[in-house]
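Engineer: Please see the structure below; I have some questions.
Chains as they are written, first to last, in our numbering: chain A, 370 to 566; chain B, 370 to 566.
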């Protein structure tokens with residue numbers, strides 16, 4: 370009934386995070402209907418990404434050049450490195466526009482359940498930079514989850530011997546956060562870290 | 370920070386139904402990470418669909434050939450035509466495997482709000498087939514919504530003068546449906562159309 374081509378596209382779209390088998394079918398029909406306005410540009414955009422986007426050899430960011438535009442930006446402070454789990458986190462930090470150092474993308478978190486040990490983390494390059502004395506401060510910006518905090522403490526331990534400053538992000542009430550809707554852990558953290566006015 | 374290529378892909382993916390701006394970002398990162406196992410096959414599948422899939426000139430179905438494999442299947446009964454709103458509905462009916470006639474894809478429903486009048490519906494080809502005496506029975510399988518039922522009655526009116534049989538799908542309790550969870554309209558329809566055992 371449906372051509373194999375359509376089934377193939379549905380099954381590949383169904384593997385994209387955010388889409389399931391039903392929505393992949395809907396997306397496929399939509400793309401076929403909007404052939405010229407959506408399918409063709411989407412193919413072109415994917416090919417552009419495929420040919421032009423590379424992983425930065427230094428920090429693990431994605432960019433059209435390697436080293437990426439952050440690592441090759443001389444105005445940024447390369448002695449300050451912010452460790453993030455994923456590129457999406459790097460983008461979020463860049464969006465905020467407050468951090469002007471370099472990044473280091475881990476690519477994952479320590480997780481006993483998923484079998485991710487210290488070797489699987491992309492830490493060696495960072496430790497080498499630290500050993501060479503290029504890095505004076507590290508900000509560990511990992512998620513406040515069990516895995517995130519385990520990884521955070523592991524990295525802090527690794528960095529201890531080099532005598533550099535190691536920070537983590539402040540915990541507290543988010544902007545726009547109403548106390549009534551916040552979890553107990555966040556409120557506890559906000560009270561512990563209370564600040565004088 | 371992100372290359373233009375990545376932003377472009379995110380914004381195009383965000384227009385796919387089922388994905389929004391956030392999930393498009395996640396999908397983009399996922400596709401870049403799984404370059405060889407997902408991005409490359411996806412591009413290829415999209416190109417295959419683009420070059421090979423066409424709309425059937427007779428019924429409006431999508432297939433690699435025109436007329437589609439349903440319209441060109443001599444074993445199917447071309448005197449019985451099932452009218453559906455969309456190709457997804459045609460697929461659903463084919464999946465059930467009970468209908469062995471031809472289809473006619475409307476491509477929309479009458480809707481005063483969306484400004485879709487009778488001219489926007491793909492009805493002429495069907496009416497021509499009916500006028501030529503090729504069609505003896507029509508099953509209108511449109512959704513049980515206000516627009517669906519309006520369109521259903523409009524089509525039934527158009528077909529009245531040709532003296533062919535016009536059916537609609539039975540309404541009642543769905544298989545696996547528990548009465549407690551069904552809406553009143555469905556229960557009313559099921560009682561009205563009660564059947565002797």
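For every residue, glycine included, the Cβ atom is placed at its ideal position computed from N, Cα and C.
Could you run through the segment 406-420 of chain A and flag, in chain order, every residue whose CB is less than 8 Å away from some CB of chain B?
Structural biologist: Per Cβ criterion, the list reads 407, 408, 409, 410, 411, 412, 414, 415, 416, 417, 418 and 419.
Engineer: Within the continuous beta strand (DSSP E) that includes residue 474 of chain B, where are the two ends?
Structural biologist: First-last of the beta strand (DSSP E) with residue 474 of chain B: 470-474.
Engineer: For a contact meaning CB atoms closer than 7 Å, what does residue 422 of chain A contact in chain B?
Structural biologist: Within 7 Å Cβ-Cβ: 372, 374, 375 and 401.
Engineer: So, using beta-carbon positions, are residue 414 of chain B and residue 454 of chain A closer together than 7 Å?
Structural biologist: The answer is no: Cβ separation not under 7 Å.
Engineer: In its own chain, which residues sit with a C-beta less than 6 Å from the C-beta of residue 534 of chain A, not counting the 5 before and 5 after it?
Structural biologist: Taken in chain order, the residues that qualify are 506.
Engineer: For the segment 493-523 of chain B, enumerate the residues whose C-beta is nearer than 9 Å to any C-beta of chain A, in chain order.
Structural biologist: Going along the segment 493-523 of chain B in chain order, one finds no residue with a Cβ nearer than 9 Å to chain A.
Engineer: From the beta carbon of residue 398 of chain A, is the nearest beta carbon of chain B less than 7 Å away?
Structural biologist: Judged by the 7 Å Cβ criterion, residue 398 of chain A is in contact with chain B.
Engineer: Inspect the CB distances between the segment 415-426 of chain A and the segment 394-407 of chain B and report whether three or more fall short of 8 Å.
Structural biologist: The segment 415-426 of chain A is in contact with the segment 394-407 of chain B.
Engineer: What is the DSSP secondary structure of residue 450 of chain B, reduced to helix, strand or coil?
Structural biologist: Residue 450 of chain B: strand per DSSP, three-state reduction.
Engineer: Under 7 Å, Cβ to Cβ, is there at least one residue of chain A near residue 378 of chain B?
Structural biologist: Taking Cβ atoms only, chain A reaches closer than 7 Å to residue 378 of chain B, which makes this a yes.
Engineer: Among the residues of its own chain, which have a CB less than 7 Å from the CB of residue 399 of chain B, if the five just before and after it don't count?
Structural biologist: Once the five neighbours on either side are set aside, residue 399 of chain B has no close Cβ partner at all.
Engineer: So which residues on chain A does residue 394 of chain B lean against when the C-beta distance must stay under 9 Å?
Structural biologist: The answer, in chain order, is 457 and 460.
Engineer: Does the distance from the CB of residue 499 of chain B to the CB of residue 550 of chain B come in under 7 Å?
Structural biologist: No, they are not a contact pair.
Engineer: Out of curiosity, what's the CA-to-CA distance linking residue 445 of chain B and residue 480 of chain A?
Structural biologist: The straight-line gap from Cα to Cα measures roughly 57 Å.
Engineer: Give the residues of chain A in contact with residue 386 of chain B, contact being defined as C-beta atoms less than 8 Å apart.
Structural biologist: Chain A residues near residue 386 of chain B: 392, 395, 396 and 399.
Engineer: Over what stretch of residues does the beta strand (DSSP E) that includes residue 485 of chain A continue unbroken?
Structural biologist: Run containing residue 485 of chain A: none; DSSP gives neither H nor E here.
Engineer: Check this for me: beta carbons of residue 475 of chain A and residue 517 of chain A, under 7 Å apart or not?
Structural biologist: No, they are not a contact pair.
Engineer: Using a C-beta cutoff of 7 Å, does residue 381 of chain B count as contacting chain A?
Structural biologist: Taking Cβ atoms only, chain A reaches closer than 7 Å to residue 381 of chain B, which makes this a yes.
Engineer: Taking buried to mean at least 16 other C-beta atoms within 10 Å of its own C-beta, is residue 483 of chain B buried or exposed?
Structural biologist: With fewer than 16 other Cβ atoms within 10 Å, it is exposed.
Engineer: Look at the alpha carbon of residue 555 of chain A and the alpha carbon of residue 457 of chain B, and state the distance between them as a whole number of angstroms.
Structural biologist: Using only the alpha carbons, I get a separation of about 46 Å.
Engineer: Specify, as a first and last residue, the run of the alpha helix (DSSP H) that residue 510 of chain B falls within.
Structural biologist: Here residue 510 of chain B belongs to no alpha helix (DSSP H); instead the beta strand (DSSP E) covers 506-510.
Engineer: Taking C-alpha atoms, which residue in A:459, A:523, A:469 and A:494 lies nearest to residue 485 of chain A?
Structural biologist: Of the candidates A:459, A:523, A:469 and A:494, the one whose C-alpha sits nearest the C-alpha of residue 485 of chain A is A:523.
Engineer: Could you pull the start and end residues of the beta strand (DSSP E) that residue 420 of chain B belongs to?
Structural biologist: Residue 420 of chain B -> not in any beta strand (DSSP E); alpha helix (DSSP H) instead, spanning 409-421.
Engineer: For residue 432 of chain B, does the three-state DSSP call read helix, strand or coil?
Structural biologist: Correct three-state label for residue 432 of chain B: strand.
Engineer: Would you kindly report the start and end of the unbroken alpha helix (DSSP H) that includes residue 520 of chain B?
Structural biologist: Looking at the DSSP string, the run of the alpha helix (DSSP H) that includes residue 520 of chain B is 515-529.
Engineer: If you draw a straight line from the alpha carbon of residue 494 of chain B to that of residue 426 of chain B, how long is it in whole angstroms?
Structural biologist: When rounded, the distance between both Cα atoms is 9 Å.
Engineer: Starting from the Cα of residue 433 of chain B, find the closest Cα among B:540, B:542, B:423 and B:439 and give me that residue.
Structural biologist: It is B:423 whose Cα lies nearest to the Cα of residue 433 of chain B.
Engineer: I need the straight-line Cα distance from residue 437 of chain B to residue 460 of chain B, nearest angstrom please.
Structural biologist: Each residue's alpha carbon lies about 13 Å from the other.
Engineer: Which same chain residues, not among the five before or five after residue 383 of chain B, have their C-beta less than 7 Å away from its C-beta?
Structural biologist: Only 389, 390 and 393 meet the Cβ criterion.
Engineer: Report buried or exposed for residue 566 of chain B, applying the criterion of at least 16 other Cβ atoms within 10 angstroms of its Cβ.
Structural biologist: Exposed.
Engineer: Quick one: what's residue 567 of chain B bridged to in DSSP?
Structural biologist: This structure cannot speak to residue 567 of chain B, because chain B is shown only from 370 to 566.
Engineer: Would DSSP call residue 467 of chain A helix, strand or coil?
Structural biologist: Of the three classes helix, strand and coil, the one that applies to residue 467 of chain A here is coil, per DSSP.
Engineer: Identify each residue in the segment 469-481 of chain B for which the Cβ-Cβ distance to at least one residue of chain A is less than 7 Å, and report them in chain order.
Structural biologist: Within the segment 469-481 of chain B, no residue has a Cβ that lies closer than 7 Å to any Cβ of chain A.
Engineer: Can you list, in chain order, the residues of its chain with a C-beta nearer than 8 Å to that of residue 562 of chain A? Leave out the 5 residues immediately preceding and following it.
Structural biologist: Cβ within range, chain order: 539, 540 and 541.
Engineer: Give a yes or no on whether the C-beta atoms belonging to residue 451 of chain B and residue 508 of chain B are separated by under 7 Å.
Structural biologist: Cβ distance < 7 Å, so residue 451 of chain B and residue 508 of chain B count as in contact.
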